[in-house]
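Some notes on the structure that comes next.
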Amino acid sequence: MAGGGGGKAAAAGGDAPAITLEHTPTWIVSAVCFVIVIISLLFERLLHRLGKRLKKSRKKPLYEGLLKVKEELMLLGFISLLLNVFQGLTQKICVKASVMDHLQPCKLDFSGAKTAKTTAHLAAAGVRRLLAGGGAKSDYCEKKGLVPILSVEAIHQLHIFIFVLAVSHVVLSAITVLLGIAQTRKWQHWENKIQASDENGMMKEHSPLGKWIIGVKLSGPQMIKHVQEFQFIKNHFKGHGKRWKTFGWLRSFFKQFYGSVTEEDYVTMRLGFIMKHCRGNPKFNFYKYMIRALEDDFKKVVGISWYLWAMLIIFLLLNVQGWYVYIWISAVPFVMLLVVGTKLEHIITELAHQVAEKHTAVEGELVVSPSDELFWFHRPKIVLLLIHIVLFQNAFEIAFFFWLLVTYGFKSCIMGNTGYVIARIVISVISQLLCGYSTLPLYAIVSHMGTSFKKVIFDENVAEGLANWAQNARKRNARAARTQNVGDSPVDESNVGEVQMTSPPTKSVQQGTARLI
């Protein structure tokens, strides 16, 4: 049906008739379907085996990250389905040619020789399409002297770009997180040295921290030292006043590029975390907890949230010729990454300043005080949100470049000025490397310098038990509140007393478990 109409219309226009499914040999249809199904099944089994391996090795955060990737693939499949379903409808939405003159990435003349050239280009590009539209629908707007709001070829190219963007974001996020974890491997050696200490809290081998006593339990009287004798204070505290605070910010900015976390920093922040949250367990393995927390954050970073899709739409809207918006899209995440890295370094400096300003001498170990007040708006999670946005913007820039390169070529109009293109790619690559090499490792340890701790501090079964406990407590509290609000039905006095006695514990349970979830 569609094939006949499409073929006659195409023949009338002097073109070869479009071959539809009803005129395609069955062996070709079955062969193409066989190849697609085999590739899809192989990919599905690969993800399934990867998931089983992660579950067997008890890598639940990474397994949940894999499930997040599957969700993104399902969303991509739904977007692909919508684009194909509404493809015919968009060909019947007609507008005047003058409407297409506004906010164009490349100027297009709908008259004269340029029209013929453009039509030839689109026809050549259309050969690459697997789902080419019929001629009847393509001529619907042309018969009215109008143009379709979105051509079939444009829909196909948009389809490919969204897929490339999602895949690029997942792959680059995974590479960045793995690079960040690899960068923290040397911290495991520091943790092992601390774990190798004896019962009295003294290192079995000489520590580069000089005479610094690492342990919490001491056999003899603790030594009193001037606060400036601690290497951590020497590295981060240079004096009082606005001048030295400005110097602290400048030092934090440059330090993120080299030795962002030293052994003194790790040991001090580790001890501060233990004294804040698990004072009774000085042998707490802070490194394993930190890596589990980073793996848990991976499932958040790898996803594409609604605000990232909103950013994508804004980016596509601002891609107008002469605005050079993509050079700014490359520069903004790079600047944002530098600001985040500087802030994380400065939090370490602030920890040292708090101790140096409050104490002249310290008895025993140097203990810092983690607090949410050190972070923007007293919310450590904002740092992860900014890193998530930076990774998505970088993925967008890299995916957009390669998509344009393959689709239109390096010297095409939409690609833009050559110098700007090279600058954009260089900035994006540097941002990606800087995030994995410095910013993410900094976040991995500094994010735990807040008031609360993360639920991965517990064993998986214990964490699930506490979460269920908190959920049941909320339900009991809600039932108790509903019982108190019933005014028409008679309430036994013993029930009232029971409600009054059970309500306060549920509230305390909520407050105690809220910091774990």
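Its first residue numbered 2, the sequence shown is counted upward by one per residue in this note's numbering.
In this text, a Cβ means the ideal position worked out from N, Cα and C, and glycines have one as well.
Query: DSSP three-state assignment for residue 414, whether helix, strand or coil; Result: coil
Query: Contact check, residue 171 vs residue 70, beta carbons under 7 Å; Result: yes
Query: Alpha-carbon spacing of residue 327 relative to residue 306, whole angstroms; Result: 21 Å
Query: Under 7 Å between C-beta atoms of residue 169 and residue 399; Result: yes
Query: Closest residue to residue 194 among 391, 286 and 145 (Cα-Cα distance); Result: 286
Query: Contact between the region 432 to 448 and the region 386 to 401 (3+ Cβ pairs under 8 Å); Result: yes
Query: Cβ-based neighbour list, residue 300, same chain, cut-off 7 Å, excluding 5 preceding and 5 following; Result: 62, 65, 66 and 69
Query: Cut-off 8 Å between Cβ atoms - residues of its own chain near residue 354, not counting five sequence neighbours on either side; Result: 237, 238 and 249
Query: Residue interval of the alpha helix (DSSP H) (run including residue 276); Result: 264 to 278
Query: Which listed residue (335, 258 and 474) has its alpha carbon closest to that of residue 424; Result: 335
Query: Residue 523 versus 107, 42 and 389, residue with shortest Cα-Cα distance; Result: In the structure displayed, the chain extends from 2 to 518; residue 523 sits before or after that span and is not available.
Query: Test item: CB-CB of residue 145 and residue 107 under 7 Å; Result: no
Query: Exposure label - residue 153; buried when at least 16 CB within 10 Å; Result: buried
Query: Cβ pair residue 343, residue 253 closer than 7 Å; Result: yes
Query: Cut-off 7 Å between Cβ atoms - residues of its own chain near residue 483, not counting five sequence neighbours on either side; Result: none
Query: Endpoints, alpha helix (DSSP H) assigned at residue 442; Result: 441 to 447
Query: Identity of the residue in 264, 384 and 104 nearest residue 321 by Cα; Result: 104
Query: Option in 263, 371, 359 and 187 with minimal Cα separation from residue 278; Result: 371
Query: Touch test, the region 156 to 165 against the region 289 to 299, Cβ-Cβ under 8 Å, three pairs minimum; Result: no
Query: Pairwise C-alpha distance: residue 447 and residue 1; Result: Any property of residue 1 remains undetermined from this structure, which presents the chain solely from 2 to 518.
Query: Coarse secondary structure for residue 427, derived from DSSP in three states; Result: helix
Query: Within 7 Å, strictly: CB atoms of residue 368 and residue 276; Result: yes
Query: Contact belief for residue 438 with residue 180 at Cβ below 8 Å, rounded distance in angstroms; Result: 7 Å
Query: Proximity of residue 256 and residue 192 at Cβ, strictly below 7 Å; Result: no
Query: 6 Å Cβ shell around residue 212 - same chain, five flanking residues per side excluded; Result: Interpretation of residue 212 is limited by its pLDDT of 39, a score under 50 that renders its predicted location unreliable; the figure taken from the coordinates is listed afterwards. Same-chain partners within the cutoff: there are none.
Query: DSSP beta-bridge partners of residue 96; Result: 148
Query: Anticipated Cβ contact below 8 Å, residue 262 with residue 443, distance rounded; Result: 7 Å
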